[in-house]
Amino acid sequence: MQRVLDAVGVVEGGRPDAGVERAVVLARAVHLEAGAGGGLDRAGRQHAGDSSRERKRTGPGGSIVPATSPGEAAMPVFTRPEAEIYYEVHGSGYPLLLFAPGGLRSQLAFWRHSPANPGAPPAWMNPMADLAGRFSVIGMDQRNAGASHGTVTATHGWHTYASDHLALMDHLGHRRFHVMGGCIGGSYCLTLCEMAPERVTAAVLQNPIGLHDNRDTWDEAVRGFAKTMLARDPSLTEDVIEKFGHNMFGGDFVFSVSREFVRRCRTPLLLQPGTDKPHPAETSAEIARLAPTLEIQKDWRGPTHLAESIRRVTDFLTRHTPAS
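Count along the sequence shown from 1, add 6, and you get the number used in the numbering used here.
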């Protein structure tokens with residue numbers, strides 16, 4: 007238990023407003039002390055074995071390239087035509103591919119802290135730590151988010167991201183795997199369930215996005231993406247970004263797949279419903295009505311429900327892990 011107290015002491019560290027983060031740390035620490043395995047890092051997070059622990063920088067085709075200076079953090083980057091994808095692997099066991107929150111800025115750092123406030127803890131678990139005792143957990147930055155980069159064309163859309171995801175798992179040697187996504191990640195999960203149903207063995211949809219009296223939210227997301235990308239690549243045009251944005255958010259459900267697909271989706275799903283404007287409760291309720299093989303964890307967010315959320319997701323994924 008001393009490591010629990012040490013971790014909480016680090017979080018509090020002279021910050022009188024650290025109550026929420028302290029509660030998250032305590033909840034996670036108690037869960038670990040109860041037998042989930044691993045240790046606590048200096049932020050109070052679990053750490054487990056990391057198959058990318060050397061964190062090399064990779065070149066074309068995934069070749070390993072070390073950091074170029076003593077102060078530079080080496081990093082694994084999977085390179086494919088027109089994209090470089092930064093990823094991390096934590097733990098060992100059956101593979102679990104993660105799609106982080108953050109909309110078009112989806113990056114693995116947003117499992118560790120709030121996308122809106124880097125100094126604040128998120129309302130959700132960090133599966134790269136909390137699930138690494140049971141699974142080989144692969145986190146990634148989506149193309150053109152975080153440390154990942156890629157082209158953008160007028161024909162790109164959900165299938166483009168899905169191709170990145172499948173290529174990364176091919177690169178890592180994983181034919182079949184679970185997926186878990188927060189926010190936009192839920193739509194990435196459903197895309198893979200449709201494009202590669204023989205490869206996805208279970209999916210956790212946390213806080214899924216959708217369209218319900220919030221068209222302005224997605225128009226604003228595309229405008230923000232356009233501002234970033236046009237500054238980065240002068241060869242891009244606003245017309246290309248507009249068409250890309252329509253491909254991504256022009257639908258009227260979860261954007262990436264149809265209601266008809268969800269109605270016939272046979273992949274086991276665990277839904278942690280959304281409750282706010284970008285993640286409408288109505289969208290989650292419709293997913294729940296349509297999906298034939300779905301479980302729901304209604305109360306999952308915040309420190310009060312952290313331990314139960316970790317337990318429920320771990321149990322769901324374990325039950326649907328193939329025997330061989």
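For every residue, glycine included, the Cβ atom is placed at its ideal position computed from N, Cα and C.
Coil, strand or helix - GLU292 by DSSP: helix
Continuous alpha helix (DSSP H) stretch holding PHE231: start and end: 221–238
Inside the segment 240–315 only - beta strand (DSSP E) runs reaching at least 3 residues: 275–278, 300–302
Contact the segment 265–284 vs the segment 203–211: 3+ CB pairs below 8 Å: The way I'd put it, the segment 265–284 does touch the segment 203–211; three or more beta-carbon pairs between them come closer than 8 Å.
Nearest candidate by alpha-carbon position, reference MET235, set GLN212, SER154, THR289: SER154
Closest Cα partner of VAL143 within the set LEU242, GLY108, HIS180, THR157: The closest CA to that of VAL143, considering only LEU242, GLY108, HIS180, THR157, is found on HIS180.
N- and C-terminal bounds of the alpha helix (DSSP H) containing SER142: No alpha helix (DSSP H) holds SER142; the beta strand (DSSP E) holding it covers 141–146.
Residues near ARG325 by beta carbon distance below 6 Å, same chain, minus five either side: Shown here for ARG325: not one same chain residue has a beta carbon closer than 6 Å to its own, the five before and five after excluded.
Residue burial classification, GLY187 (beta-carbon count within 10 angstroms, cutoff 16): Result: buried.
First through last residue of the beta strand (DSSP E) which encompasses ALA208: 206–212
Length of the line joining the Cα atoms of GLU94 and GLU292: 33 Å
Spatially closest choice to ARG140 from LEU323, GLY192, LEU172, by CA coordinates: LEU323
Coil, strand or helix - LEU217 by DSSP: coil
Whole-Å CB distance - ARG307 paired with TRP117, under 8 Å assumed: Not really, about 14 Å apart at Cβ, beyond 8 Å.
Inter-residue CB distance, GLY145 and ALA106 (contact presumed, cutoff 8 Å): 7 Å
Under the three-state DSSP convention, the category VAL158 falls into: coil
For PHE231 and ALA313, the rounded distance between their alpha carbons: 35 Å
Inter-stretch contact at 8 Å, needing at least 3 Cβ pairs: the segment 210–218 / the segment 279–297: yes
Integer Cβ distance of CYS189 from GLY108, believed to fall under 8 Å: 6 Å
Bridge partners - PHE183, DSSP secondary structure assignment: Paired residues: VAL206.
Simplified DSSP assignment, three categories, for GLU94: Three-state result, GLU94: strand.
Sufficient close CB pairs (3 or more, under 8 Å) joining the segment 221–228 to the segment 296–307: no
Nearest neighbour of SER98, chosen from ASN123, PHE183, HIS165 [CA to CA]: Residue PHE183 is the option with its Cα nearest to SER98.
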